[in-house]
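Engineer: In the working numbering, the protein residues as written are 14 to 261. All C-beta atoms, glycine included, are put in the ideal place defined by N, C-alpha and C. Here the structure is a predicted model, which means the values were calculated and not measured. Just passing along the structure, written as C-alpha cells.
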C-alpha cells in the first residue's frame with residue numbers, strides 16, 4: 014500500500030526581478046513627478062486667486078505693471094470712441110459673441126500719458142456672422158474700475174493666417190487672435206502692457222463681466238494630483254506582488 018506524501022507549507026520568498034523593479038519604479042517615479050507638478054499648480058492657482066480677490070484699489074495706473082497683474086484700479090480718462098477690436102469666439106451663457114476691447118487715454122501714477130485697452134465685456138454676435146454686431150459706444154470721458162491682467166488669448170494659435178495691416182480698414186475690427194503688438198501697430202501708438210477688465214458695476218461695460226483669474230481652479234489640480242499619486246501607489250503595489258514568490 015503506497016503512501017501519499019503530504020505537501021509541506023509553501024514559503025513566500027522576496028525575490029524581485031530586475032526588469033519589474035526598473036519598469037514599475039520608473040512608472041511610480043513618473044506618476045509621483047506628475048502628482049507633484051499638479052500639486053504645485055494648485056498652490057500657484059491659490060496664490061493667483063488670493064491676489065485677484067485681495068488686491069487693493071489704486072487711483073492711478075502703475076507706471077511699472079506687475080507681470081501677474083490683478084491690481085485693482087480706478088481710472089479717469091477718455092475713450093477712443095471711434096476704434097475698438099472685437100475678439101471673436103467668446104461664449105457667454107451658451108451664446109456666441111465677442112469681447113469688446115476699447116482704447117482709453119489715461120495718465121499713470123507719474124503723470125505720463127498712457128493708452129490702455131479696456132475689456133468692456135461680452136456682446137452677442139447676433140444671427141448673421143457676415144455682419145459685425147452693433148457696439149454701444151462708450152462715454153467720451155468716464156471713471157472706470159476694474160483689475161489689470163495680461164491680455165487673455167483663446168489658447169494655441171493654430172495656423173491663423175497673418176493679415177497685412179490695413180490702415181483704411183473700418184472700425185470696429187474683428188480679430189480671432191488678440192495680439193498687443195498688432196493692436197499697437199494698428200492704433201499707431203504704444204499700449205500699456207496690461208488690459209483693464211471692467212468690474213461688473215463699472216460704467217461703460219457690457220455683459221459677461223464675471224471675470225475669473227484662472228480657467229481651471231486649484232481643486233481640479235488637486236484632484237489630478239491625487240489620481241497620479243494613486244497610480245504611483247498602484248505601481249509600487251504591483252511590484253510588491255511580483256516580488257514575493259512562493260518556494261515549494
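(1) I need the DSSP call for residue 100, collapsed to helix, strand or coil.
(2) Buried or exposed: residue 257, going by 16 or more other Cβ atoms within 10 Å of its Cβ?
(3) What is the C-beta distance between residue 114 and residue 130, in whole angstroms, given that I count them as a contact (C-beta under 8 Å)?
(4) Identify, in the order they occur along the chain, each residue of the same chain with its Cβ nearer than 8 Å to the Cβ of residue 232, setting aside the five sequence neighbours on each side.
(5) Taking all protein chains shown into account, decide if residue 201 is buried (16 or more other Cβ within 10 angstroms of its Cβ) or exposed.
(6) Helix, strand or coil, according to DSSP, for residue 225 in the structure here?
(7) Should the region 181-195 be called in touch with the region 155-162, which here means at least 3 C-beta pairs below 8 Å?
(8) According to DSSP, is residue 115 helix, strand or coil?
(9) Whose CA, out of 63, 122 and 155, lies closest to the CA of residue 225?
(10) Do residue 255 and residue 30 have their beta-carbon atoms positioned less than 9 Å apart in this structure?
(11) Quick check on residue 135: does DSSP put it in helix, strand or coil?
(12) So, are the CB atoms of residue 86 and residue 100 less than 9 Å apart?
Structural biologist: Based on what the coordinates show:
(1) Residue 100 falls in the strand class under three-state DSSP.
(2) That one is exposed.
(3) Their Cβ separation, rounded to whole angstroms, is 5 Å, which keeps residue 114 and residue 130 in contact under 8 Å.
(4) The beta carbon of residue 232 sits closer than 8 Å to those of 55, all from its chain and outside the five residues before and after it, given in chain order.
(5) Under this definition residue 201 is an exposed residue.
(6) The three-state reading of DSSP puts residue 225 in coil, since its state is none of H, G, I, E or B.
(7) Because the criterion of three Cβ pairs below 8 Å is not met, the region 181-195 and the region 155-162 do not touch.
(8) In the structure shown, residue 115 sits in a strand (DSSP, three-state: E or B).
(9) Checked all of 63, 122 and 155; the closest Cα to residue 225 is 63.
(10) Cβ atoms of residue 30 and residue 255: closer than 9 Å.
(11) Of the three classes helix, strand and coil, the one that applies to residue 135 here is strand, per DSSP.
(12) For the 9 Å CB-CB criterion, residue 86 and residue 100 do not form a contact.
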